[in-house]
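Student: Let me begin by handing over the structure; questions about it come next.
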Amino acid sequence: MKNRKYLVYIITFVSIFFFQCKSKTENKSNESEDTQNNKVYINPNYSGETIEPDTYNATEKVYNIFIFNETSNAISANEKVTIKPNESYVFKIPDTVGIALDNGIQFFFGETEGLEVIDNKIQVAGLGGEWLGKLNVPKSTDWAFSILNPGEGDPIPE
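Following this line, the structure appears as structure tokens:
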């Protein structure tokens, strides 16, 4: 059952690719103007297993997901989207799309009927409070995250 679930996830994420983006220089963020249904932001060299939720009732509502890179390495989602160290990117995606970063982190809408994160190395930290202002997170952002070095992210809830 678990393998079947992962197979469904893999097929959906691997079948999707490109994404239009626009540079936003006011706060060193990049922001996409266009979204594409049934597309995933994924690096073509991504070697990890990706998943696609099979129980989420998609509405195709578009969400803004802010990601800030606090690591010393660039993080890629595809050949057009690379988040350099100490820079950010705002993904504008419908709930029919997921994000698979080349460091193994995945964001997708899934089984709990909301945004889910796969972060096996504990690198993702949710942002809120004063950090939203310090990192110039746009007010239109639905979720904000920081990517940290392995082991420095928010602990996985039990």
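Converting from the sequence shown to my numbering requires adding 454 to each position, the first position being numbered 1.
Every residue gets a Cβ at the ideal spot worked out from N, C-alpha and C, and that includes glycine.
In this text the structure is predicted, and so the values were computed from the model without any measurement.
#1: Short of 7 Å in beta carbon distance, which residues of its chain neighbour V591, apart from the five on each side in sequence? Order them along the chain.
#2: Three-state secondary structure (DSSP) at G564?
#3: Starting from L569, follow the beta strand (DSSP E) in both directions and report where the run begins and ends.
#4: Look at the alpha carbon of W585 and the alpha carbon of N523, and state the distance between them as a whole number of angstroms.
#5: Among all the DSSP beta bridges, which residues are the ones paired with K516?
#6: Quick test of your reading: A579 and L555, contact by CB under 8 Å. State the CB separation rounded to the nearest angstrom.
#7: If the criterion is Cβ atoms closer than 8 Å, does the pair K575 and G587 meet it?
#8: Indicate the three-state DSSP secondary structure (helix, strand or coil) for G587 in the structure shown.
#9: Quick check on A528: buried or exposed, where buried means 16 or more other Cβ atoms within 10 Å of its Cβ?
#10: Could you tell me the boundaries of the beta strand (DSSP E) in which G580 lies?
#11: Is D596 closer than 8 Å to N518 when the C-beta atoms are compared?
#12: Using the three-state DSSP reduction, which class does I601 fall into: helix, strand or coil?
#13: Restricting to Cα atoms, I'd like to know which of S594, V571, K593 is closest to P609.
#14: Give me the DSSP bridge partner(s) of S530.
Tutor: Judging by the given coordinates:
#1: F520, L581, A598
#2: coil
#3: That run of the beta strand (DSSP E) goes 569-572.
#4: 13 Å
#5: Here the sequence assigns Val to residue 516, which means Lys is not the residue at that position. P548, per the DSSP bridge assignment.
#6: Actually they are not in contact, since the Cβ atoms of A579 and L555 sit about 14 Å apart, beyond 8 Å.
#7: no
#8: The three-state secondary structure of G587, taken from DSSP, is helix.
#9: Counting Cβ neighbours within 10 Å, A528 comes out exposed, since fewer than 16 surround it.
#10: 578-580
#11: yes
#12: strand
#13: V571
#14: Here S530 is bridged, per DSSP, to T536.
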